[in-house]
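The listed protein sequences derive, respectively, from chains A and E. Just so we're aligned, residue 15 is where the first sequence starts under the working numbering, counting upward by one. Just so we're aligned, residue 15 is where the second sequence starts under the working numbering, counting upward by one. Beta carbons: idealized from backbone N, C-alpha and C, even for Gly. In this text, all values refer to a predicted model and were calculated from it rather than measured experimentally. First comes the structure, then the notes that go with it.
Number of protein chains: 2
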Amino acid sequence: MANDTRVIAIDAMGGDLAPAAVCDSLSLLTDLKCHFLVFGDQKRLQDFRFDSRLSYEIRHTEIVVSPDMGVSELRSARKSSIGLALSAVQSGEAHAVVSSGNTGVYLALAKIMLKTIDGIDRPALATKIPGREGSTFCLDLGANAECTVKNLVDFAILGEALAHAALGKDDIKVALLNVGTEEMKGNVLVKETAKILKRILPNYYGFVEGNDICKGNVDVIVTDGFTGNVALKAIEGTAKFIVEEVKSAVKNSAVAIMGALMAKPALSKLKSRFDPRLHNGAIFAGLNGLVVKSHGNSDAIGFANAVRFTYDLLNSNMLERIRENALKSQQHYQQFYGEMMP
Amino acid sequence: MANDTRVIAIDAMGGDLAPAAVCDSLSLLTDLKCHFLVFGDQKRLQDFRFDSRLSYEIRHTEIVVSPDMGVSELRSARKSSIGLALSAVQSGEAHAVVSSGNTGVYLALAKIMLKTIDGIDRPALATKIPGREGSTFCLDLGANAECTVKNLVDFAILGEALAHAALGKDDIKVALLNVGTEEMKGNVLVKETAKILKRILPNYYGFVEGNDICKGNVDVIVTDGFTGNVALKAIEGTAKFIVEEVKSAVKNSAVAIMGALMAKPALSKLKSRFDPRLHNGAIFAGLNGLVVKSHGNSDAIGFANAVRFTYDLLNSNMLERIRENALKSQQHYQQFYGEMMP
């Protein structure tokens with residue numbers, strides 16, 4: 015293996031369509047300069063043909079984390095395909111890990127095994143949401159139901175580095191989610207966080223509101239995990255609801271069905287733009303290692319896109335950028351709260 | 015005026031299209047057994063013809079609250095059309111008030127002048143959100159960026175009474191917005207609130223998530239004003255974004271335009287179902303008096319619907335139900351926290 019080859023640990027057993035979706039996905043990734051460590055049940059994996067151009071090895075485990083396993087059963091999960099894949103990152107053998115498996119167990123194990131980067135108190139779940147003018151990375155989407163000012167400041171650092179790596183540009187606009195854009199609006203948490211972000215982020219944008227998430231006019235939107243989770247699910251629920259209502263309205267009229275068929279080629283372009291498989295891959299940011307969560311019902315195309323996204327991030331200096339900025343931010347933070355003391 | 019005639023105070027000068035939209039709206043309401051106190055600038059109101067079947071009187075004031083007036087200027091706002099309309103409710107002359115004006119000033123004045131109902135600590139902004147199986151009343155949508163357990167318990171009482179009055183049924187399902195439906199999910203605020211709601215609401219539904227808002231499978235969703243505001247705006251933003259994207263996708267193809275025209279009659283039924291004018295009217299619930307906020311850019315149809323909604327609520331026992339339940343809830347609340355003390 016060449017020295018610059020990236021090593022990605024793959025949990026072959028996680029998700030509704032595993033192991034088929036995961037195994038099939040790898041054949042779509044032969045163009046990556048990448049070695050795959052594939053964790054799963056040897057007996058079930060041998061049924062699949064891997065492309066001969068692929069650099070990979072299978073690491074056997076019979077233990078699989080079930081979708082309904084609670085975080086109280088973490089001990090047994092360590093020997094599972096998710097746990098061993100994370101171990102490979104922990105030991106330095108792999109640079110990143112991708113799984114479609116049980117989110118709670120995956121994130122809890124990742125946090126315990128990889129630990130947060132120095133200067134970052136809590137990791138956050140981030141994903142890219144497509145919008146009118148572009149995509150926006152939003153975090154935290156539910157890893158932390160309760161957040162402090164320091165947590166939100168950390169999330170801003172994480173989001174900035176993530177967007178910088180993924181979008182390949184320097185002037186990353188980071189915004190804080192609030193109930194209004196004026197300085198006096200909001201709760202203590204966002205008002206205090208805003209004061210610090212103004213100092214530490216050269217491109218701090220200010221407050222944005224819920225309807226700005228789909229505008230895509232900023233690169234990063236930072237919020238606590240409670241609000242972020244509710245907002246993301248509200249967006250998904252609304253999109254699903256509208257599409258269903260339109261379909262059912264059209265279905266009741268023969269002329270409308272004909273019309274819809276005529277509009278279909280134009281709309282299918284739109285549909286493919288919003289295909290969740292193309293946007294697959296949430297990052298559990300802030301850990302010592304790149305941890306990517308693929309959607310639980312990902313098919314081969316979806317999983318392949320999550321791996322491709324992971325590979326692209328590995329080819330950036332994201333973790334180093336987080337390390338540097340987290341330390342700088344911590345100094346600012348201490349200085350700020352030091353100044354405010356009597 | 016008959017003894018059972020309802021009196022509604024109308025701010026004729028609030029909103030982008032005032033006073034025309036407000037004055038024109040009244041002619042759409044001649045079927046209501048209602049007397050209107052219309053507050054505004056006599057000189058500007060005399061240009062409009064009011065339907066002769068209408069029972070109304072104009073109360074003159076030249077003072078108008080501008081859209082950008084801050085809540086720091088409340089003193090001068092008291093003599094404005096909004097302030098005087100609220101005074102009429104405060105004095106008992108009117109039973110309810112409707113305005114499309116400056117939300118911040120309106121709500122702040124209403125809170126000061128009408129005060130909260132005994133047992134309710136803070137009022138909340140509530141509105142009806144259309145969904146798949148029905149509509150759901152959501153609150154708080156932004157009146158309180160910071161909430162306590164007691165506040166959320168109060169909002170549940172308010173939402174239950176509001177849905178009971180508006181939907182005319184007894185078994186009102188009240189849910190709490192959270193990041194998951196399991197009991198251990200969420201922050202301390204929702205977990206503690208859930209414990210109390212289980213005791214005081216016979217039809218307490220449990221936790222729902224962001225994607226449940228558009229399902230309409232519960233009657234009331236309770237949340238803090240920060241999360242509620244973000245979620246509502248996220249829903250509005252997503253709906254707007256999808257409609258715009260579909261329009262722009264169709265626009266680029268002649269065949270698709272033709273198809274869209276054919277589907278138009280079927281879709282326009284859907285459009286009218288979602289017409290925001292039909293759902294106009296947010297309630298500032300929990301005050302001694304019925305305070306309704308109409309959307310800032312309401313036209314005559316929108317404003318008329320907000321007044322009609324107000325009239326229907328007046329013909330229910332909503333305020334009495336809130337009073338009764340608030341007192342009962344407070345006893346439970348004290349008992350609960352009493353029991354928990356060592």
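Give the DSSP bridge partners of residue i, in chain order.
| i | result |
| --- | --- |
| E:V188 | E:Y218, E:V234 |
| A:K142 | A:F151 |
| E:Y10 | Since the first and last residues shown for chain E are 15 and 356, residue 10 of chain E lies out of range. |
| A:V306 | A:V112, A:I297 |
| A:A23 | A:L51, A:V111 |
| E:T324 | None; E:T324 has no bridge partner. |
| E:T162 | Looking at the DSSP assignment, E:T162 forms no beta bridge with any residue, so it has no partner. |
| E:T130 | E:L301 |
For the candidate residues the options, whose alpha-carbon lies nearest to that of residue i?
| i | options | result |
| --- | --- | --- |
| E:M83 | E:T75, E:S262, E:G29 | E:G29 |
| A:T130 | A:R146, A:P279, A:K247, A:G300 | A:G300 |
| E:D38 | E:H49, E:A26, E:C48 | E:A26 |
| E:N331 | E:V257, E:Q345, E:A177, E:E250 | E:A177 |
| E:P33 | E:C161, E:R63, E:V264 | E:R63 |
| E:C161 | E:E206, E:D185, E:K187, E:E196 | E:E206 |
| E:K285 | E:T150, E:F298, E:K254, E:K187 | E:K254 |
| E:F317 | E:L100, E:A35, E:V21 | E:A35 |
| E:I186 | E:N231, E:E338, E:L304, E:D168 | E:N231 |
| E:A314 | E:S90, E:I77, E:T150, E:R291 | E:R291 |
| A:R73 | A:S90, A:A99, A:S66 | A:A99 |
| E:T195 | E:D184, E:F169, E:E223 | E:E223 |
| A:A263 | E:S66, E:C48, E:R146 | E:R146 |
| E:A296 | E:N165, E:F169, E:D132, E:K142 | E:K142 |
| A:D135 | A:D184, A:C152, A:I171, A:P144 | A:I171 |
| E:D18 | E:M272, E:Y325, E:E338 | E:Y325 |
| E:C48 | E:F323, E:G352, E:E338 | E:F323 |
Whole angstroms are fine: how far does the CA of residue j sit from the CA of residue i?
| i | j | result |
| --- | --- | --- |
| A:G148 | E:A102 | 50 Å |
| A:Y347 | E:I336 | 46 Å |
| E:I214 | E:S343 | 6 Å |
| A:S308 | A:V119 | 14 Å |
| A:S114 | A:K229 | 28 Å |
| E:M276 | E:V269 | 11 Å |
| E:K93 | E:L59 | 17 Å |
| E:F350 | E:L203 | 15 Å |
| A:N266 | E:A340 | 46 Å |
| E:D154 | E:F221 | 16 Å |
| A:V217 | A:N319 | First, the residue type needs correcting, since residue 217 of chain A is Asn and not Val in the sequence shown. Going from the Cα of A:N217 to the Cα of A:N319 covers about 29 Å. |
| E:L40 | E:S86 | 32 Å |
| E:E250 | E:V257 | 11 Å |
| A:V305 | E:A179 | 50 Å |
| E:K283 | A:S66 | 56 Å |
| E:Q345 | E:G133 | 9 Å |
| E:N165 | E:N225 | 23 Å |
| A:S91 | E:M198 | Looking at the sequence itself, residue 91 of chain A is Ala, so the reference to Ser does not match. So the alpha carbons of these two residues sit roughly 20 Å apart. |
I'd like to check one pair, residue j with residue i: are the Cβ atoms closer than 7 Å?
| i | j | result |
| --- | --- | --- |
| A:V193 | E:A124 | no |
| E:G182 | E:N243 | no |
| A:L51 | A:A108 | yes |
| E:V111 | E:A23 | yes |
| A:F53 | A:S105 | no |
| E:V188 | E:V234 | yes |
| E:F298 | E:P137 | yes |
| A:A245 | E:I227 | no |
| E:G303 | E:V236 | no |
| A:A122 | A:L88 | yes |
| A:R20 | A:L328 | yes |
| E:L43 | E:V321 | yes |
| A:N116 | A:V79 | yes |
| E:S55 | E:E76 | Ser is not the amino acid found at residue 55 of chain E; the sequence shown has Asp there. The answer is yes: Cβ separation under 7 Å. |
| E:N201 | A:F240 | yes |
Chain B partners of residue i, CB-CB under 7 Å?
| i | result |
| --- | --- |
| A:A175 | Absent from the structure: chain B. Protein chains present are A and E. |
Quiz prompt | Chain-ordered residues of the region 227–256 of chain A with a beta carbon less than 8 Å from chain E | solution = I227, C228, K229, T237, G239, F240, T241, N243, V244, A245, L246, K247, A248, I249, E250, G251, T252, A253, K254, F255, I256
Self-check item: Contact residues within the region 259–279 of chain A, judged by C-beta distance below 9 Å to chain E
Solution: E259, V260, S262, A263, V264, K265, N266, S267, V269, A270, I271, M272, G273, A274, L275, M276, A277, K278, P279
Practice problem: Could you please tell me which residues of the region 101–115 of chain E, in chain order, have their CB closer than 9 Å to any CB of chain A? | Solution: none
Quiz item: Using a beta-carbon distance cut-off of less than 8 Å, what residues from the region 128–153 of chain E approach chain A?
Solution: G145, R146
Self-check item: Members of the region 280–301 of chain E that neighbour chain A once the beta carbon cut-off is set at 7 Å
Solution: A280, L281, K283, L284
Self-check item: chain A contacts from the region 304–319 of chain E (Cβ-Cβ distance under 8 Å)
Solution: none
Quiz item: Residues in the region 183–197 of chain E with C-beta within 7 Å of chain A's C-beta atoms, listed in sequence order?
Solution: L191, V193
Quiz item: Of all the residues that make up the region 153–170 of chain A, which are near chain E by a beta-carbon distance shorter than 8 Å?
Solution: G156, A159, E160
Quiz prompt | Residues from the region 329–350 of chain A in contact with chain E, defined by Cβ distance under 8 Å | solution = none
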